Amino acid sequence: MYAYKEYDQQLLNERVEQYRDQTQRFFKGELSEDEFLILRLQNGLYVQRHAPLLRVAVPYGMLNTEQVRKLAHIARTYDKGYAHISTRQNVQFNWPSMENVPDILGELASVQMHAVQTSGNCIRNTTTDQFAGVTANEVTDPRPYCEIIRQWSTLHPEFAYLPRKFKIAVTAATDEDRAAIRFNDVGLRIIKNDADEIGFEVFIGGGLGRTPLAGSLIKPFLAPKDLLSYLEATLRVYNRYGRRDNKYKARIKILVKALTPEVFGKKVDEEWQHLRDGALDLPNTEIEQMKAYFPEPAYETLENNPASLVDAKSESGAFSIWLRQNTNEHKKAGYQIVTLSLSPTSVAPGDVTDNQLDVIADLADKYSFGEIRNTHNQNIVLADVKQEDLYDLWKQLQTHGFATANIHTINDIICCPGGDFCALANAKSLPIADQIQKRFDDYDFVYDIGEISLNISGCMNACSHHHIGNIGILGVDKKGKEFYQVSLGGDAGFSASVGKIIGPSFNENDVADVVETIIQHYIASRIEGETFLMTYQRIGMAPFKEKVYAKNN
Amino acid sequence: MPKIIKNREVVEDQWTTIDSPEQDLATTDDSANIIVELAYWLENKVSLIARKGKVGVLLLGSDEPELFHQELDSIDLIAINFPKFGDGRGYSIARLLCERYGYQQEIRAVGDVLRDQLRFMERCGFNAYALRADRHIEEALASFSAISVDYQSDVVEKKPIYNRRP
Chain A
0 MYAYKEYDQQ LLNERVEQYR DQTQRFFKGE LSEDEFLILR LQNGLYVQRH
50 APLLRVAVPY GMLNTEQVRK LAHIARTYDK GYAHISTRQN VQFNWPSMEN
100 VPDILGELAS VQMHAVQTSG NCIRNTTTDQ FAGVTANEVT DPRPYCEIIR
150 QWSTLHPEFA YLPRKFKIAV TAATDEDRAA IRFNDVGLRI IKNDADEIGF
200 EVFIGGGLGR TPLAGSLIKP FLAPKDLLSY LEATLRVYNR YGRRDNKYKA
250 RIKILVKALT PEVFGKKVDE EWQHLRDGAL DLPNTEIEQM KAYFPEPAYE
300 TLENNPASLV DAKSESGAFS IWLRQNTNEH KKAGYQIVTL SLSPTSVAPG
350 DVTDNQLDVI ADLADKYSFG EIRNTHNQNI VLADVKQEDL YDLWKQLQTH
400 GFATANIHTI NDIICCPGGD FCALANAKSL PIADQIQKRF DDYDFVYDIG
450 EISLNISGCM NACSHHHIGN IGILGVDKKG KEFYQVSLGG DAGFSASVGK
500 IIGPSFNEND VADVVETIIQ HYIASRIEGE TFLMTYQRIG MAPFKEKVYA
550 KNN
Chain B
0 MPKIIKNREV VEDQWTTIDS PEQDLATTDD SANIIVELAY WLENKVSLIA
50 RKGKVGVLLL GSDEPELFHQ ELDSIDLIAI NFPKFGDGRG YSIARLLCER
100 YGYQQEIRAV GDVLRDQLRF MERCGFNAYA LRADRHIEEA LASFSAISVD
150 YQSDVVEKKP IYNRRP
């Protein structure tokens, strides 16, 4: 993990004091609401329905145990005893008071954490594959590049007041895009060219919200030394020409679409010709130095499938199922990647209590080199667990409510805080998640359904990425009543597609019925080995639509 | 005379902005330093340059340096307007003027300018700032030194931090 140098820490400490001063000037009336709004947003502070919401940055999802214990302490001391893992791998606190925020930021800074640029119209936290560095299926570890981007984008003097927020995601995976790069403003996919050189495919203009679009491939191969100059050129074109008259048309995707990807790409190239081979050139020595911050942990030489694991599997069916659902292959023999489910029934997906955070830190220290990762699916990953420890770990995860074997199942719902907490929401989302999880409580059936993603957003801002859920649910407000629109066929992966709306929206009480009808039709129609998405892609929307509305009438 | 910040000091403003030059220029002292909108300057540059006083231009958000950079030698000051403090186009414009077109005279931020922006503006090439009249201009000076670490290369720091490290 990147360890702060003296100047990184100094910047953070100064930022805390700067924000403390801004808060004091606001309370003294020297800053208006509108002025303070922009300043506090750049420090992750929203004002929500009940209380402010403080979003803490977790760069590319990586945490150490000291940081997790600090988050537990903050949840206990300044909040109501819990925190929320966001779909951008960040951590949110829902109940801090505005007066306490400077102190919370001070606490965070003491463990090299902050809330810089976690909201507002600036470059947000860079996200990546939660299996970065531990999966066998990647070209190289993307995290050194993420850290390079983090530093370049932190308090960038030119890009603090963009037309709208700006999100960058990086993946180096070859099997599956776990970072949804096609739905970011800039998506970077690390590839190798025919000469075996590393470079980036640059996708620009992806995003969700009101106008869901997959990013267009603007640059098929960008050399690492050009990474920052090309990003700077892209941001400059956006800063100058992105729309500022209408916040719903202000994201870079609208500019790319209006100009066409070809013309947009040319404009960036023109700007880039001035910037490349200049101060922003990324020297190889810097890339190598950054790589040294992400060394492999001290792995032991082990065999896959040790006897203890084989025994445990044959003794416990529940353990075998958990192993299949919630763990993934590791690049090192004898190790396994473990995902802790934060979406058991009747708990808001992504919520963790202060005690759970402490437990996670203890487990990470004991089993996974003291390192924790947040996922954009709102779960937590212990990336380096010895296979011989898996059974012990599973037992403890069960005790603390993290062993629900539902990863990538219909119960592993991605869900925003919705109308219960969020000031922007049109409708509640958490009760819908609860309703669906209760409907699908027979786990034999859940596993039979197989791999599927279900995302619920409480409004068009699409924080839960409902457009790219295989099943997407969107809360809408019609004359003061809450309705739910259902879409099918979304795909967050490399093939990137936006789901299609099935038809008129449904009453709150009917959502679980509708989802069940859709699932039953998939089960009846699937061919051996097909996931829900594959069946949908083969047979199309029409039969699902027919079933769903026939039943409703 | 109103005060502005120039090169991190509070000084008296030596310039007058002429909002309606057609009406007001005739009654303005010929030796006064004036600022007029770029469009007016481009149309009347011969007579404006002939004045005894200096002449600067005011850029609005849509004025592009690419379209008038050949004229920079004859422009004595450039004021960049911030219609709202959240409108960040001016930062890119200032960098282009400084870094691409080598403009070395005063670049002044005008309009909705808050102290919290001053350091970023300076790093993008501004050297003068007209804060709104209701702001404490002396206190604002502290904002320049609130953050002392810059990761990026910019007008002030020519190299990114990884090329500045010992």
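Chains as they are written, first to last, in numbering that gives the first Met the number 0: chain A, 0 to 552; chain B, 0 to 165. C-beta atoms are modelled at their ideal positions from N, C-alpha and C, and glycine is treated no differently. Computed from a prediction, not measured in an experiment: that's the story for all the values here.
#1: Under 8 Å: do the region 278 to 297 of chain A and the region 315 to 328 of chain A share three or more Cβ pairs, one atom per stretch?
#2: Considering only C-alpha positions, which residue in the set A:A523, A:G206, A:S215 is nearest to I467 (chain A)?
#3: So L238 (chain A) contacts chain B; which residues on that side make the cut at Cβ distance below 9 Å?
#4: What do you reckon, are the CB atoms on L212 (chain A) and R14 (chain A) nearer than 9 Å?
#5: Which residue wins for smallest C-alpha separation from G479 (chain A), given the options A:I455, A:A461, A:T76, A:K427?
#6: Please compile the residues from chain B whose C-beta is within a distance smaller than 9 Å of the C-beta of A159 (chain A).
#7: Which word fits S340 (chain A), buried or exposed, when buried means at least 16 other C-beta atoms lie within 10 angstroms of its C-beta?
#8: Any beta carbon of chain A sitting closer than 9 Å to that of I146 (chain B)?
#9: Count the CB pairs spanning the region 451 to 464 of chain A and the region 132 to 147 of chain A that are closer than 8 Å, and state whether there are at least three.
#10: Just to confirm the assignment, what range does the alpha helix (DSSP H) spanning W151 (chain A) have?
#11: Determine whether the Cβ of R14 (chain A) lies closer than 9 Å to any Cβ atom of chain B.
#12: Is L140 (chain B) near the ligand HEM - that is, is its Cβ less than 8 Å away from at least one heavy atom of it?
#13: Quick one: does A249 (chain A) have its CB under 9 Å from some CB of chain B?
#14: Measuring alpha carbon to alpha carbon, tell me which residue in B:L37, B:V148, B:E36, B:W14 is nearest D29 (chain B).
#15: Short of 7 Å in beta carbon distance, which residues of its chain neighbour L279 (chain A), apart from the five on each side in sequence? Order them along the chain.
#16: Is it a yes or a no for the region 507 to 516 of chain A touching the region 193 to 207 of chain A, going by three-plus beta-carbon pairs under 8 Å?
#17: If we ignore side chains and look at the alpha-carbon of each, how far apart do Y3 (chain A) and E287 (chain A) end up?
#18: Note down, in chain order, every chain A residue with its Cβ under 7 Å from the Cβ of R99 (chain B).
#19: Could you tell me whether any Cβ in chain B is nearer than 9 Å to the Cβ of F29 (chain A)?
#20: Just to confirm before moving on: does the CB-CB distance between Y483 (chain A) and G492 (chain A) stay below 9 Å?
#21: Look at the Cβ atom of G488 (chain A), then the Cβ atom of M540 (chain A), and state whether they are nearer than 9 Å.
#22: Alpha carbon to alpha carbon, how far is V236 (chain A) from K266 (chain A)? Give it in angstroms, no decimals.
#23: Cα-Cα, which of B:R164, B:D133, B:F125 is closest to P156 (chain A)?
#24: Taking Cβ-Cβ distances shorter than 9 Å, what residues in chain B pair up with N120 (chain A)?
#25: Can you tell which of A:G277, A:Q377, A:L389, A:N373 has its C-alpha closest to the C-alpha of N303 (chain A)?
#26: Is the region 42 to 56 of chain A close to the region 101 to 119 of chain A, with three or more CB pairs under 8 Å?
#27: Identify which residue in A:I518, A:E200, A:V90 has its Cα closest to the Cα of P219 (chain A).
#28: Within 10 angstroms of the Cβ of S141 (chain B), are there 16 or more other Cβ atoms? Answer buried if so, exposed if not.
#29: Quick one: which chain B residues come within Cβ less than 7 Å of L279 (chain A)?
#30: Three or more beta-carbon pairs under 8 Å between the region 112 to 119 of chain B and the region 250 to 270 of chain A, yes or no?
#31: Whole angstroms is fine: what's the gap from C415 (chain A)'s alpha carbon to S524 (chain A)'s?
#32: According to DSSP, is G80 (chain A) helix, strand or coil?
#33: Flag this pair as yes or no: are the beta carbons of D174 (chain A) and A145 (chain B) separated by less than 9 Å?
#34: Going along chain A in order, which residues have a C-beta closer than 9 Å to the C-beta of L140 (chain B)?
#35: Using C-beta distances below 8 Å, list every residue in its chain close to N6 (chain B), excluding the 5 sequence neighbours before and after it, in chain order.
#36: Taking three-plus beta-carbon pairs below 8 Å as touching, is the region 81 to 101 of chain B in contact with the region 159 to 174 of chain A?
This is what the structure holds:
#1: no
#2: A:G206
#3: As written in the sequence, residue 238 (chain A) is Asn, which differs from the Leu given in the question. What N238 (chain A) touches in chain B: G87, R88, Y90, S91.
#4: no
#5: A:K427
#6: G87, Y90, Q116, F119
#7: buried
#8: yes
#9: no
#10: 142 to 152
#11: yes
#12: In terms of ligand content, the structure shown is empty, and the ligand HEM therefore cannot be addressed.
#13: no
#14: B:W14
#15: L227, S228, E231
#16: no
#17: 17 Å
#18: H273
#19: Sequence inspection shows Glu at residue 29 (chain A); the Phe mentioned does not correspond to that position. At least one chain B Cβ lies under 9 Å of E29 (chain A).
#20: no
#21: yes
#22: 7 Å
#23: B:F125
#24: G85, G87
#25: A:L389
#26: yes
#27: A:E200
#28: The sequence given here places Ala at residue 141 (chain B); Ser does not occur at that position. With fewer than 16 Cβ atoms within 10 Å of its Cβ, A141 (chain B) is classed as exposed.
#29: S152, P159
#30: no
#31: 31 Å
#32: coil
#33: no
#34: Per Cβ cutoff of 9 Å: no residues; L140 (chain B) is ~13 Å from chain A at best.
#35: N126, A127
#36: yes
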